[in-house]
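Structure record follows, encoded as structure tokens.
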Amino acid sequence: VQLQASGGGLVQAGGSLTLSCAASGRRILEFYAVAWHRQVLGKQRELVASITRAGRTRYIDSAKGRLSISRDNARNTVYLQMNNLKPEDTAVYYCAGKSIQSGEYAYWGQGTLVTVSS
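Positions 255 to 372 (our numbering) are the ones given, in order, by the sequence shown.
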């Protein structure tokens with residue numbers, strides 16, 4: 255099972271990016287949930303947004319209204335649309351799949367760097 259994250263890059267504050275998390279070796283719907291996490295060097299990783307198999311979404315407060323997580327079952331891919339980006343959104347973004355058996359995010363992609371310039 256692999257999760258491939260892509261779509262990061264350099265953007266000015268106020269700009270937009272769309273991150274993609276493509277699953278291979280397993281249907282994306284076989285995960286109980288898929289989430290985007292981010293990590294700034296020297297800080298703890300934080301969960302930014304998640305979507306469950308049933309389509310329920312959750313966001314951290316700082317992301318509400320600016321970030322949107324969605325899923326394309328046919329493409330086996332989860333997306334994170336990020337609008338009105340701020341310098342504090344700068345981080346490495348990882349997608350992860352939650353195992354039904356363990357209830358943990360056991361499957362991780364390699365990360366994609368998002369840099370927001372002021």
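Cβ atoms here follow ideal geometry from the backbone N, Cα and C, with glycine treated the same way. Quick caveat: nothing in here was measured; it's all calculated off a predicted structure.
#### Entry: Cα-Cα separation between I314 and Q298, rounded to whole angstroms
Numbered from its first residue, the sequence shown carries residue 314 at position 60. Numbered from its first residue, the sequence shown carries residue 298 at position 44. Rounded to the nearest angstrom, the two C-alpha atoms are 14 Å apart.
### Query
For L271 versus A289, is the C-beta spacing smaller than 7 Å?
Here the question's residue 271 lines up with position 17 in the sequence shown. Here the question's residue 289 lines up with position 35 in the sequence shown. At a Cβ-Cβ threshold of 7 Å, L271 and A289 do not count as neighbours.
### Query
Do the stretch 322-339 and the stretch 264-282 meet, that is, are 3 or more Cβ pairs less than 8 Å apart?
In this structure the stretch 322-339 touches the stretch 264-282; the number of beta carbon pairs closer than 8 Å is three or more.
#### Entry: C-alpha distance - T369 paired with G262, whole-angstrom precision
Taking the sequence shown and counting its residues from 1, one reaches residue 369 at position 115. Taking the sequence shown and counting its residues from 1, one reaches residue 262 at position 8. Each residue's Cα considered, the two are about 8 Å apart.
### Query
Quick one, which of M336, A308, S353 has its alpha-carbon nearest K318's?
The sequence position of residue 318 within the sequence shown is 64, counting from 1. Among M336, A308, S353, the Cα nearest to that of K318 belongs to M336.
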